[in-house]
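As structure tokens, the structure follows; a few thoughts come after it.
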Amino acid sequence: MIKSNFVIKEKLDTLGITLPTPPKPAGSYIPVVRTGNLVFVSGQIPIKDGKILYSGKVTKDLSIEDAQKGARLCAINALAQLNSEFGNLEKISKIVRVSGFVNSPPEFTEQPKVINGASDLLFEIFEEKGQHTRVAVGVSSLPLNSAVEIDLIVEIT
Amino acid sequence: MIKSNFVIKEKLDTLGITLPTPPKPAGSYIPVVRTGNLVFVSGQIPIKDGKILYSGKVTKDLSIEDAQKGARLCAINALAQLNSEFGNLEKISKIVRVSGFVNSPPEFTEQPKVINGASDLLFEIFEEKGQHTRVAVGVSSLPLNSAVEIDLIVEIT
Amino acid sequence: MIKSNFVIKEKLDTLGITLPTPPKPAGSYIPVVRTGNLVFVSGQIPIKDGKILYSGKVTKDLSIEDAQKGARLCAINALAQLNSEFGNLEKISKIVRVSGFVNSPPEFTEQPKVINGASDLLFEIFEEKGQHTRVAVGVSSLPLNSAVEIDLIVEIT
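Protein chains in written order, with the numbering used here: chain F, 1 to 157; chain W, 1001 to 1157; chain B, 2001 to 2157.
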């Protein structure tokens, strides 16, 4: 059997994921910078077609389940940025780091559960290459009142 | 016309920026570490001559405009650290990552506007090389009650 | 005198530190990823034998001194992750970055003092190689109500 050159594209299709036109940065910076084999992706928020879909403080303004969907959307937006930069996602050899910031009231302590929305998706898409290190913290507020913000560092070949 | 070897120095002069003696770390760590072609700069706060110039929570204790000036000062301090480490800033081939933490009340959502104070300056100084990825979040509090804290990762040649 | 190949191991022994079995990730990710000579360690919390030892908001629920011990325990857990991945810590040529997130009430501003609990230990163990850059911020809440969370980037040879 001939192995496709578009393993990740096929996986996205199987999962029913269409990468959107990537959202524009919310400030004076750019979405992706490559240095050597590392690629940094700017912080992504749960925005779709110019509209924040998951906003507010988790448990107060939205459920953990919705915040997880928000984290998943952040990850999709990050992949859309990479896709837009490199033409496809096949060059990604490793997801190195996921940093997840959860818009949290002082008493909320289940940030890992929220960020799993992004982590699970990355593992589904990239399998072994998608196993990443992670930082998940609760923050007092986020840009445009997003419920979650996620940034990535990936390795490419 | 002969191109100067001190393009960045001249740009700083044009902008009227004199890099200060870099502030000492506020704890038991060092300001700059190089690994390969990457250079990490410790989190910088809006301090000048030993005094925090922009403190408190944005919109509650200071205006967005002042917080932007604070972010700009953080960036200047980061460049001062790099200048002190390498003798000049000419070796910087790319600003890779800016992380910006804004001292925010729970309802503040304009972190990108604040961190633009740093991003705009980096672009003014380094032009194309200064286009960076960015993470901007709101945090509940910062060292010495700083209004903003910024750290950098840069690439050098 | 023949120099030992296990300098760091001996230092840990001298300090009376036994690296624990590293704690399992609190979500769907892995503790350590290597890319080139850089190694990223996931955010570590002050957990021992499955129990969070230092929890709550600093000054409100625990003292700065206890939070420092929490930061030290986070650093020990990060080293335990690296030890588990590489078999020992001798390959570490540099601690590049320590990011420290302190569970802080809005008025707490001594995050550097807390994170020194980790920084001091890293310097004690690795001496010159342990001198790192650092980011320390206050966050509104942390996973499992941890008082502090710390992640590392190290360089290995």
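C-beta: ideal position from N, C-alpha, C; glycine also.
Since the model is a prediction, treat every value here as computed from it, not as a measurement.
By the 9 Å beta-carbon criterion, what residues does the segment 2125 to 2138 of chain B contribute toward chain W? Gln-2131, His-2132, Thr-2133, Arg-2134, Val-2135, Ala-2136, Val-2137, Gly-2138
Please identify the residue among W:Ser-1042, W:Lys-1060, W:Gln-1068, W:Lys-1024 whose C-alpha is closest to the C-alpha of Asp-1049 of chain W. W:Lys-1024
Can you find a C-beta in chain F that's less than 8 Å from the C-beta of Leu-1152 of chain W? no
Counting pairs of Cβ atoms below 8 Å between the segment 121 to 131 of chain F and the segment 2124 to 2138 of chain B, do you hit three or more? no
May I ask which residues mark the beginning and end of the alpha helix (DSSP H) holding Gly-1117 of chain W? 1111 to 1126
Alpha-carbon to alpha-carbon, Pro-2106 of chain B and Asn-1145 of chain W: 10 Å
Please list the terminal residues of the continuous beta strand (DSSP E) segment that includes Gln-131 of chain F. Gln-131 of chain F -> no beta strand (DSSP E), and no H or E assigned at all.
Ile-2150 of chain B, DSSP secondary structure in three states: strand
Going by DSSP, which residues form a beta bridge with Gln-1044 of chain W? W:Ile-1150
Grouping DSSP H, G and I as helix and E and B as strand, with all else coil, what is Leu-1015 of chain W? helix
With the cut-off set at 8 Å, would you say Pro-2031 of chain B and Gln-2081 of chain B are in Cβ contact? yes
Are the segment 1033 to 1040 of chain W and the segment 2079 to 2097 of chain B in contact at 8 Å, needing three or more beta carbon pairs? yes
Does DSSP put Ser-2063 of chain B in a helix, a strand or coil? coil
Which residue comes first and which comes last in the beta strand (DSSP E) that contains Phe-1101 of chain W? 1092 to 1103
For Lys-24 of chain F, the three-state DSSP class (helix, strand or coil): coil
Between Arg-34 of chain F and chain B, is the shortest Cβ-Cβ distance under 8 Å, so that the two count as touching? no
Determine the contact status of Leu-2069 of chain B and Gly-2117 of chain B, defining contact as a CB-CB distance below 8 Å. Reading off the sequence shown, one finds Lys at residue 2069 of chain B, where the question assumed Leu. Yes, they are a contact pair.
In whole angstroms, what is the alpha-carbon distance linking Glu-1065 of chain W and Pro-1022 of chain W? 24 Å
Going by C-alpha to C-alpha distance, which of W:Ile-1052, W:Arg-1134, W:Val-1058 sits closest to Gly-27 of chain F? W:Arg-1134
May I ask you to report which of helix, strand or coil DSSP gives Glu-1010 of chain W? helix
What do you get for Glu-2110 of chain B, buried or exposed, if any count of 16 or more other CB atoms within 10 angstroms of its CB means buried? buried
What first and last residue would you give for the beta strand (DSSP E) that runs through Thr-1035 of chain W? 1032 to 1035
With a cut-off of 8 Å, does the C-beta of Asn-1145 of chain W fall near any C-beta of chain B? yes
Using a Cβ cut-off of 8 Å, pull out every chain F residue sitting near Ser-2119 of chain B, in sequence order please. Ordered by position in chain F, no residue passes the 8 Å Cβ test against Ser-2119 of chain B, which lies about 17 Å from the chain.
According to the Cβ coordinates, are Val-114 of chain F and Val-148 of chain F closer than 8 Å? yes
Which of helix, strand or coil does DSSP assign to Gly-70 of chain F? helix
Per DSSP, which residues does Glu-2155 of chain B bridge with? Please list them. B:Leu-2038, B:Lys-2094
Look up Ala-136 of chain F in the DSSP assignment and give the residues it is bridged to. F:Gly-100
Roughly how many whole angstroms lie between the Cα atoms of Ser-42 of chain F and Asn-77 of chain F? 10 Å
Any idea if Leu-79 of chain F is buried or exposed, counting beta-carbon neighbours within 10 angstroms, 16 or more meaning buried? buried
Got a sec: which bits of the segment 57 to 88 of chain F sit with their beta carbon under 8 Å from any beta carbon on chain B, in order along the chain? none
Any idea which residues DSSP pairs Ser-2084 of chain B with across the strands? Per DSSP, none; premise fails for Ser-2084 of chain B.
Considering only the alpha carbon of each residue, which of B:Gly-2056, B:Thr-2018, B:Ile-2092 lies closest to Phe-2101 of chain B? B:Gly-2056
Residues of the segment 1016 to 1049 of chain W with a CB closer than 8 Å to any CB of chain F: list them in chain order, please. Gly-1036, Asn-1037, Leu-1038
Buried/exposed call for Leu-2015 of chain B, threshold 16 Cβ in 10 Å: exposed
Exposed or buried, which one is Gly-87 of chain F when buried takes at least 16 other CB atoms within 10 Å? exposed
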